[in-house]
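In terms of this note's numbering, the first sequence is residues 400 to 661. Cβ atoms here follow ideal geometry from the backbone N, Cα and C, with glycine treated the same way. First up is the structure itself, then whatever we jot down about it.
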Amino acid sequence: MKIVTWNINGVKARHEAVAAYLREASPDVICMQEIKSVDEGFPTGLFEDAGYQIETHGQKGFNGVAIASKFAIEDVSRGLPGNDDDEQSRYIEATISQPGGAVRIASLYLPNGNPLGTEKFSYKLAWMARLRRHAARLLDEEMPTVLAGDYNVIPELTDAKRPSAWTGDALFQPESRAAYRGLLNLGYTDAVRTCEPGPGVYTFWDYQAGAWNKDDGIRIDHLLLSPQAADRLRSAGVDRHTRGWDKPSDHAPTWAEIEMGA
DNA sequence: ATGGTGGTTCAACCA
Numbered sequence: 400m401k402i403v404t405w406n407i408n409g410v411k412a413r414h415e416a417v418a419a420y421l422r423e424a425s426p427d428v429i430c431m432q433e434i435k436s437v438d439e440g441f442p443t444g445l446f447e448d449a450g451y452q453i454e455t456h457g458q459k460g461f462n463g464v465a466i467a468s469k470f471a472i473e474d475v476s477r478g479l480p481g482n483d484d485d486e487q488s489r490y491i492e493a494t495i496s497q498p499g500g501a502v503r504i505a506s507l508y509l510p511n512g513n514p515l516g517t518e519k520f521s522y523k524l525a526w527m528a529r530l531r532r533h534a535a536r537l538l539d540e541e542m543p544t545v546l547a548g549d550y551n552v553i554p555e556l557t558d559a560k561r562p563s564a565w566t567g568d569a570l571f572q573p574e575s576r577a578a579y580r581g582l583l584n585l586g587y588t589d590a591v592r593t594c595e596p597g598p599g600v601y602t603f604w605d606y607q608a609g610a611w612n613k614d615d616g617i618r619i620d621h622l623l624l625s626p627q628a629a630d631r632l633r634s635a636g637v638d639r640h641t642r643g644w645d646k647p648s649d650h651a652p653t654w655a656e657i658e659m660g661a
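Next up, the structure:
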């Protein structure tokens, strides 16, 4: 089962790129973030025509997450538990049933958190604390689980071409990185870091200042695997070439292949 | 050090 996470930065602007990627990569499941669409306005036909079921959790103008799958999508849950007052659409979770078994998959869009010293950064840290509590509960289910998305966290120095450029940024703060390590310490595995341990593996290049041409990237899109999913991990990586397409997202599709048997 | 680009929505916000 090939599972992709991709921050598409607006589904309306990314119609052609998404269609081309589905044809080319043919993932079994694709988790998307920043769809920037309400559910009623979402172009479901883009996915249905390619053979996918699609479930969305949208919002007007900002944020918004979705899961599309070639297999049946069941038990859909919208919103990250732990704060009923949070109105931002950043989390959707569902069970994907496949002949070899079922996988619980989340598509998450973690708050950016900039600038430091504002309520945006405290919201980011509070959201990460909620995610940790929920991620711990998911482990109790003991089923293969994949938490995929734009984490807006650069985990380590090797995950940035120019680490010094990010020292004052919410994506690289010690608190942000510690909260990410907290997820790993629960027992989750960073699929891409495990399969591609070397430097230079990035998932995001800013639109500004020629970042893509200079390969001035960072790795902030991650797939975290529960032990039951990590046992089945075969390969993982980044389809970085899509960043060079016309009208690209500033993020590249990031994926993991899980062996699910017959 | 600053400004650099892009998406959505409608002058501003977010990244």
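By the neighbour-count criterion, in which 16 or more other beta carbons inside 10 Å mark a residue as buried, R633 falls on the exposed side. S648 is classed as buried because its beta carbon has at least 16 other beta carbons within 10 Å across all chains shown. A412 and D549 have their C-alpha atoms roughly 18 Å apart. Secondary structure of K401 (DSSP, three-state): strand. Look at F441 here: in three-state DSSP terms it is coil, with no helix or strand label.
If only uninterrupted alpha helix (DSSP H) runs of at least 4 residues are considered, those enclosed by the region 549 to 592 are 573 to 585. A distance below 7 Å between beta-carbons, with the five flanking residues on each side excluded, links I472 to the following residues of its chain, in chain order: Q452, E454, I466, A493, I495. For V410, there is no enclosing beta strand (DSSP E), as DSSP marks it with neither H nor E. Excluding the 5 residues flanking it on each side, R631 has same chain C-beta neighbours closer than 7 Å at P543, I657, E658, M659, in chain order. Taking all protein chains shown into account, V475 has fewer than 16 neighbouring C-beta atoms within 10 Å of its C-beta and is therefore exposed. DSSP lists K401, S634 as the beta-bridge partner residues of E656. Assignment of Y490 by DSSP, reduced to helix, strand and coil, places it in the strand class. With a 10 Å radius around the Cβ and a threshold of 16 neighbouring Cβ atoms, P510 comes out buried. Per the DSSP secondary-structure output, M431 pairs in a beta bridge with W405, A465. The continuous stretches of beta strand (DSSP E) do not include Y522, which lies in the alpha helix (DSSP H) extending over residues 518 to 539. Proximity to A559 across K459, A610, P652, T404 peaks at A610, based on C-alpha coordinates. Looking only at T641, H650, D645, the smallest Cα-Cα distance to L421 is reached by T641. A residue is called buried once 16 or more other Cβ atoms fall within 10 Å of its Cβ, and T517, having fewer, is exposed.
By the 16-neighbour rule on beta-carbons within 10 angstroms, K459 is exposed. For A628, the uninterrupted alpha helix (DSSP H) segment begins and ends at 626 to 629. Here G440 is exposed, its C-beta having fewer than 16 other C-beta atoms within 10 Å.
As DSSP reads the structure, I495 sits in a beta bridge with I472, V502.
A contact is defined here as three or more CB-CB pairs under 8 Å, and the region 596 to 614 fails this definition with respect to the region 525 to 537. When DSSP states are grouped into helix, strand and coil, A418 belongs to the helix group.
C-alpha of Q607 to C-alpha of G478: approximately 32 Å in a straight line.
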